[in-house]
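Have a look at the structure below, then the notes.
In our numbering, the protein residues as written are -5 to 662.
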């Protein structure tokens, strides 16, 4: 996927309709020109472009309310607003590997007080060879996000769209769980976790089917054995549950201590405490909503699926009941008539009547007796032979719709998004100050937690033979059912599911390790190209056990990364991004704001020559005038496909996008 074009219409500093062609031609690819350069002074609108691309793709995901308010400030161009304009938009065209073009557009409408009235999003798709675009059915923000995540996973965004001077946060805030989670998400290994859960569920269903298909007499014996084993398993699982409760209590103390530490971090501000409390409330509400959804799903899903059939069944039962009632009333009404007509027709008549005539007389008499125009249809068939109890049970089955489940699912999605947003706001709080006491207490609590976790692991070891016994008993049930045709199919499916589950489990473990090793190799290889030999530290490695970066001095002693200069941290972070991208198998464009501002000339040249030239087929660099040197110009001319100058007009307070860059700026 590549970025083809971005369009601004009266958006922030960009007055009127302005377009930037971001395409890379075949000729550019042939000559290794993969860079699109957009340069300008500070305040000319470089960061506006980066944030616009990020907002078009991901909206409010991952940004705090403060960041959102700052982003939305002066969204509509001031000059245009003063002229009476009330609408503005940004549009981004993506070129897919399939040849499709996706045009993403965000349109804003403001009132006369410059307050936001509406924000609308749309996706138009143009097929290869077509001249028209088809509007995608995007009913809500969640649908829009699903469309976007198909082409650019949200969790991969920080590695493809970022501020060059802020990427050091990747290593200053690193920890093993976050890095491992990031590797899983950007490499697609998350899908195997979902597969394993689905296979567990399928295996359980197949065992239940096997149990019901096995010989009943022999089955009872093994059921008793299963029950006994399951009770033993329950005993250990209850112990594990109890111990985990103690662990949660310790975790609560850890949380309390962390909150106390956060108080110090936030100094006199109480914003972090409020955010944490609000996040806890959202988490509780999310849990309750999940439980309510699961309960409603289990209780009502069958009725929802069969609602149409149940409705038709009720109509049929009611119709049959009415017809039976009519038949009984008719028979009761004809009883005196039949007695009369039988006596009448039994008398001797001269001349005698034929059987056909006698039947006609009886039929006509019935109609006259009942005062009916036509006889009651004799074609009615009573299909459902039901008792009164059975009939009442069927009539009283409720007819349910999926509306309530959909509403709860939407609520769950909203709460999850809100939780993630609050987490982002919490993470953006200031770093800690004087937290030694809290840090020591946290270490003690973590140690206690480790002891309890050890007990849990011991219980799991005792569970293993019991679960193996349970598996053996289930296997016996499987063998007993071998003579049954349906059981053979179930056994085949069960064997396939087991092998697939074992393979997937092993694959996930090995693939994660393989990706981590690949990250380490790519990281260390790129870092050697970027870092000068004269740098003070001796070695930088990526620890595949802890998923973290470690820095060593020339004597082999580990030193803190936080002690390095901003330029060195930027180079280390750049190497990490390189490694993550190479391990992710994602072929995406790069958008980087001010990547060279804190670097010396040697690091700049190495970054351009060894990094941006090979990082992606399309690298969009937003550059300041402080980065412009003769070496920079010479190198960028040979590697850039297009250059633009963001020319800010001081008099009219807006920016014009002009083609060309090096011809328009002064080289230092």
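Even for Gly, the Cβ is constructed at its ideal location relative to N, Cα and C.
Option nearest residue i by Cα separation, candidates the options
i: residue 224; options: 467, 503, 555; result: 467
i: residue 626; options: 597, 609, 647, 653; result: 597
i: residue 28; options: 84, 140, 605; result: 605
i: residue 83; options: 486, 112, 58; result: 112
i: residue 418; options: 651, 2, 515, 149; result: 149
i: residue 255; options: 432, 345, 519; result: 432
i: residue 158; options: 569, 360, 344, 52; result: 569
i: residue 273; options: 415, 294, 291; result: 415
i: residue 646; options: 636, 522, 9, -5; result: 9
i: residue 98; options: 601, 141, 461, 81; result: 141
i: residue 21; options: 214, 611, 250, 615; result: 611
i: residue 561; options: 590, 519, 638, 609; result: 590
i: residue 51; options: 59, 42, 145, 292; result: 145
i: residue 607; options: 593, 301, 616, 630; result: 630
i: residue 160; options: 47, 41, 49; result: 41
i: residue 546; options: 555, 540, 539; result: 555
i: residue 36; options: 644, 520, 131; result: 644
i: residue 96; options: 108, -5, 136, 81; result: -5
i: residue 585; options: 46, 403, 179, 34; result: 46
i: residue 436; options: 316, 485, 16, 245; result: 245
i: residue 242; options: 219, 348, 446, 109; result: 446
i: residue 13; options: 650, 352, 654; result: 650
i: residue 654; options: 642, 648, 638; result: 638
Separation of residue j from residue i, as counted between CA atoms
i: residue 106; j: residue 11; result: 21 Å
i: residue 115; j: residue 282; result: 32 Å
i: residue -1; j: residue 573; result: 28 Å
i: residue 506; j: residue 94; result: 33 Å
i: residue 271; j: residue 77; result: 45 Å
i: residue 553; j: residue 537; result: 14 Å
i: residue 668; j: residue 488; result: Outside the displayed range of the chain (-5 to 662) lies residue 668, so it cannot be described from this structure.
i: residue 236; j: residue 395; result: 40 Å
i: residue 31; j: residue 156; result: 15 Å
i: residue 492; j: residue 458; result: 17 Å
i: residue 381; j: residue 295; result: 27 Å
i: residue 542; j: residue 534; result: 11 Å
i: residue 361; j: residue 328; result: 10 Å
i: residue 502; j: residue 7; result: 48 Å
i: residue 334; j: residue 340; result: 10 Å
i: residue 222; j: residue 454; result: 18 Å
i: residue 383; j: residue 504; result: 59 Å
i: residue 5; j: residue 43; result: 10 Å
i: residue 234; j: residue 276; result: 27 Å
i: residue 23; j: residue 636; result: 12 Å
i: residue 609; j: residue 583; result: 9 Å
i: residue 103; j: residue 72; result: 14 Å
i: residue 133; j: residue 139; result: 11 Å
i: residue 593; j: residue 420; result: 30 Å
i: residue 79; j: residue 2; result: 14 Å
i: residue 595; j: residue 430; result: 40 Å
i: residue 514; j: residue 434; result: 32 Å
i: residue 412; j: residue 398; result: 21 Å
i: residue 523; j: residue 602; result: 11 Å
i: residue 580; j: residue 190; result: 23 Å
i: residue 193; j: residue 470; result: 21 Å
Cβ-heavy atom distance, residue i to the ligand COA, below 7 Å
i: residue 18; result: Among the components modelled here there is no ligand, and therefore nothing to report on the ligand COA.
Buried versus exposed call for residue i [16 or more other C-beta atoms within 10 Å across all chains shown]
i: residue 25; result: exposed
i: residue 440; result: exposed
i: residue 564; result: buried
i: residue 358; result: exposed
i: residue 587; result: buried
i: residue 451; result: exposed
i: residue 393; result: exposed
i: residue 310; result: exposed
i: residue 251; result: buried
i: residue 479; result: With a pLDDT of only 42 at residue 479, under the threshold of 50, the placement of this residue in the model should not be trusted; the figure read from the coordinates follows. The residue is exposed, with fewer than 16 neighbouring Cβ atoms inside 10 Å.
What are the start and end residues of each continuous alpha helix (DSSP H) run of 4 or more residues lying completely inside the segment 373 to 453, in chain order?
382 to 389, 397 to 421
Mind the definition here: the segment 84 to 99 touches the segment 177 to 191 only if three or more C-beta pairs lie below 8 Å; say whether that holds.
no
Evaluate contact between the segment 60 to 75 and the segment 119 to 132, counting only Cβ atoms and requiring at least three cross-stretch pairs below 8 Å.
no
For the 8 Å Cβ check, are there 3 or more pairs between the segment 239 to 258 and the segment 494 to 513?
no
Entirely within the segment 587 to 652 and at least 4 residues each: give me those alpha helix (DSSP H) ranges in chain order.
595 to 600, 624 to 633
Runs of alpha helix (DSSP H) wholly within the segment 88 to 152 (minimum 4 residues, chain order)
135 to 143
3-residue-minimum beta strand (DSSP E) runs that sit fully inside the segment 475 to 561, ordered along the chain:
533 to 537, 542 to 546
Please give me, in chain order, every unbroken run of the beta strand (DSSP E) with length at least 3 that falls completely inside the segment 6 to 38.
8 to 15, 29 to 34
Give, in chain order, every unbroken run of the beta strand (DSSP E) that is at least 3 residues long and sits entirely within the segment 292 to 346.
none
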